[in-house]
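Here's the structure we're looking at; comments come further down.
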Amino acid sequence: MKTIIRWSVGIALVLASGTTALSFPVIEWNTVDLTYSTDGWSVGFQLRTLGSDGSLAYCWGNGERETDGWWTTLSQQNALAGIAFRFFEVDYGELIDFDLSDSSTIVFGNDSATHDPFLLNWDQPVYLGFRLGWPEIESGPSSAEYGWAELYFDGDTVSVLGSATERTGLGIYAGTGTLIPEPATAGLLLLGAVGIIWKRSRITIKPPAAQCLAPFGGG
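Residue numbers (the working numbering): 1 to 219.
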């Protein structure tokens, strides 16, 4: 048991020393706004979110809406970026991090490329993941922020059912508030678990107190 505890403490200390920042992951909810308008066929839209320092990520464009409201498309025309950004389609529960954001097809972004129209079908929610920041040219993936937005087309308009952004640069699971904990946080959690094990290992059970019995018939 002592050997297990020593190994657990060693692992916890290594994890805890992986970073000097002893902060817990930060998440903000309802961080993405979208406005949508249509005259029956033609569409106009605007999509915006903010970085943790207030930097604006904003794009707008047009699109089409099927006459009976079975589908609509959003086609980006331009962008205004105080911070680099890219949106890409994801599945619910998928980990949105540097690797996924770097390998996914961009739907909306501040790059100069022309993106294919983004399709939303009636009554079928779609998740977009996004990345804010310049991890490729700053201090690596940790300089970015990641998030998701759930878009929904009800036949008349497109709305954001929910959205969230995590500010640590480690990643978030689409559609949830579940983050990837920082190394320091993981180390602290493990230290806590080790502390519980250590405390339990030191608990001893005392034998029942000896009882003195008077001799039979004694008085």
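All C-beta atoms in this analysis are idealised placements derived from N, C-alpha and C, irrespective of residue type, glycine included. Here the structure is a predicted model, which is why all the values come from computation and not from measurement.
Continuous alpha helix (DSSP H) stretch holding Asp102: start and end: It spans Phe98 to Ser103 - the alpha helix (DSSP H) in which Asp102 sits, taken as one unbroken run.
Taking the CB atoms as reference points, tell me whether Trp148 and Gly169 lie closer together than 8 Å. Against a cut-off of 8 Å, the Cβ pair of Gly169 and Trp148 comes out as no contact.
Separation of Glu28 from Val9, as counted between CA atoms: Because the pLDDT at Val9 is just 46, under 50, the model does not fix this residue reliably, and the value given afterwards should be weighed accordingly. About 33 Å.
Excluding five sequence neighbours on each side, which residues of the same chain lie with their C-beta closer than 8 Å to the C-beta of Ser163? Trp29, Asn30, Thr31, Val32, Thr49, Gly147, Trp148, Ala149 and Glu150
Counterpart residues of Asp33 in DSSP-defined beta bridges: DSSP links Asp33 through a beta bridge to Arg48.
Straight-line gap, Ser159 to Gln124 (C-alpha atoms, nearest Å): 12 Å
On the three-state DSSP scale, how would you describe Ser143? helix
Just curious, the beta strand (DSSP E) that Val90 is in, first and last residue? Phe85 to Val90
Taking 8 Å as the threshold (C-beta atoms), are Phe98 and Pro135 in contact? yes
Neighbour-count burial assignment, Glu166, 16 or more Cβ in a 10 Å radius: buried
Answer yes if the stretch 96-115 comes into contact with the stretch 63-70, meaning at least three C-beta pairs across the two stretches below 8 Å, and no otherwise. no
Looking only at its own chain, which residues have a Cβ that is under 7 Å from the Cβ of Cys105, when we skip the five neighbours before and after it? Reading off the sequence, residue 105 comes out as Thr, not Cys. Result list for Thr105: Phe88, in chain order.
Residue range of the beta strand (DSSP E) that includes Thr72: Trp71 to Ala81
Compute the distance between the beta-carbons of Gly51 and Gly133, then report whether it is under 8 Å. yes
Are the beta-carbon atoms of Tyr36 and Glu94 separated by less than 8 Å? no
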